[in-house]
Amino acid sequence: MASNMTVMTMGFERAMEVPHGAVDAPDRSSMRVEALIACGTCDLPRTPSAAQEKRAPLASTCTFDSEFRAGLGYDQPASTLASVGVMAAGTGSTASKYVARRETPLWIAENCTQCMECIVACPDTALPNTAQEISTVFRAAARGFVSESESKDLLLAELPAVEDRVRTRMMAGVKEKAPAPFKDLVEEEIGTLTQVDEPTRDSFLEVFRRIPFAYSMTPAVFSSKERKDAGSGGLFAIFVSDLCKGCGECVEECGDKDALVMASAPIMFRVRISWTTCRIRPRPSWVGMTRRTPSSPTL
Ligand code: SF4
Ligand code: SF4
Numbered sequence: 003m004a005s006n007m008t009v010m011t012m013g014f015e016r017a018m019e020v021p022h023g024a025v026d027a028p029d030r031s032s033m034r035v036e037a038l039i040a041c042g043t044c045d046l047p048r049t050p051s052a053a054q055e056k057r058a059p060l061a062s063t064c065t066f067d068s069e070f071r072a073g074l075g076y077d078q079p080a081s082t083l084a085s086v087g088v089m090a091a092g093t094g095s096t097a098s099k100y101v102a103r104r105e106t107p108l109w110i111a112e113n114c115t116q117c118m119e120c121i122v123a124c125p126d127t128a129l130p131n132t133a134q135e136i137s138t139v140f141r142a143a144a145r146g147f148v149s150e151s152e153s154k155d156l157l158l159a160e161l162p163a164v165e166d167r168v169r170t171r172m173m174a175g176v177k178e179k180a181p182a183p184f185k186d187l188v189e190e191e192i193g194t195l196t197q198v199d200e201p202t203r204d205s206f207l208e209v210f211r212r213i214p215f216a217y218s219m220t221p222a223v224f225s226s227k228e229r230k231d232a233g234s235g236g237l238f239a240i241f242v243s244d245l246c247k248g249c250g251e252c253v254e255e256c257g258d259k260d261a262l263v264m265a266s267a268p269i270m271f272r273v274r275i276s277w278t279t280c281r282i283r284p285r286p287s288w289v290g291m292t293r294r295t296p297s298s299p300t301l
């Protein structure tokens, strides 16, 4: 409380008068009239007064439309404005803000210690992360990414038992210091469900082939919890959102832990799916996604 009052008192003491000149002086500010001025081919109701200087192209409606409202979305060509980060308000959902991005981070779950240094370091808050129950992840994968069928119901009924087996193997791997990747354990256990047809199993497993989950070096989320209360250990995951501009700062911060590397642009397809799954809001299908590349260690 005392420090708040100190700040307020100092603020009052530093208040000063700013001379504004004659209130009826000619308006020569860059924000005069409309924020956007008709360029001659546009149909805006107001036009600048003849006394006003010609505006820069950036402030004309036709430039604005060609840059930000061309309906091209991610196919919008890069321009001088984009290259210096000029972006119109309210257009983020229809245009890529990061046309300069050539690589994005790829997270290697098996090496991650959940130190959170990358997340704190990212200047664009582009690394959403989550700790989740294994059962929640399993259910989301089955309900959201597997087509409706009798086999899907069989799969859902088997998931609690699969979880128990996978969990036991996860803990054994941690104890023996030879943990297998989560996706491998899931793949092996789901593979034993011969009563579930292959397309159903494959759709389910595709989630885990594409989205890595960490447990082996994240004791706060998995092994410590599991030791105290069997069945409570969960999974940790970091996702790369579309806010990423590819600066590589997170990789620098991760350093010798080697849990982040920069990967080429096609990875962004996976990124969009990962972000979706982070929110447990699956897409209806995998249409439009790319397969893993040889340089992608743990897609
Ligand atoms: S590359 Fe840069 S912007 Fe992208 S997630 Fe890492 S720190 Fe954030
Ligand atoms: S990716 Fe690296 S920096 Fe980020 S939490 Fe994992 S170990 Fe830490």
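Residues 3 to 301 (the numbering used here) make up the sequence shown, in order.
Virtual Cβ for every residue (Gly too), placed ideally from N, Cα, C.
Discussion item. Between the alpha carbons of E165 and R145, how many angstroms are there, rounded?
Written reply: A straight line joining the alpha-carbon of E165 with that of R145 spans about 16 Å.
Worksheet item: Do the segment 194-212 and the segment 229-241 meet, that is, are 3 or more Cβ pairs less than 8 Å apart?
Response: At 8 Å Cβ cutoff, the stretches do not touch.
Worksheet item: How far does the beta strand (DSSP E) with F238 in it reach, from first residue to last?
Response: 236-240
Worksheet item: Among P59, T132, T106, T115, which residue has its Cα nearest to the Cα of V302?
Response: Absent from the model: residue 302. The displayed extent of the chain is 3 to 301, so no value can be given.
Worksheet item: Using DSSP with H/G/I as helix, E/B as strand and the rest coil, what is V164?
Response: helix
Discussion item. I'd like to confirm something about M118: is its beta-carbon nearer than 7 Å to some heavy atom of ligand 2, or not?
Written reply: Short note on M118: C-beta closer than 7 Å to some heavy atom of ligand 2.
Worksheet item: Are V168 and L187 touching if we call contact CB-CB under 8 Å?
Response: In contact: V168 and L187 (Cβ atoms closer than 8 Å).
Discussion item. Less than 7 Å between C-beta atoms, sequence neighbours within five positions excluded: which residues of the same chain meet that for R16?
Written reply: none
Worksheet item: Is I240 near ligand 2, in the sense that its beta carbon is under 7 Å from a heavy atom of that ligand?
Response: yes
Discussion item. Tell me the DSSP secondary structure of M270 in three-state form.
Written reply: Residue placement at M270 is flagged as unreliable, the pLDDT there being 48, under the threshold of 50; the coordinate-derived value follows with that caveat. Residue state, collapsed to three classes: helix.
Practice prompt. Count the other CB atoms, across all protein chains shown, that sit within 10 Å of the CB of P59; report buried if there are 16 or more and exposed otherwise.
Written response: exposed
Worksheet item: Between the beta-carbon of S225 and the beta-carbon of M173, is there less than 8 Å?
Response: yes
Worksheet item: Quick one: complete alpha helix (DSSP H) runs, 4+ long, within the segment 185-264?
Response: Runs found: 200-212, 225-230, 251-256.
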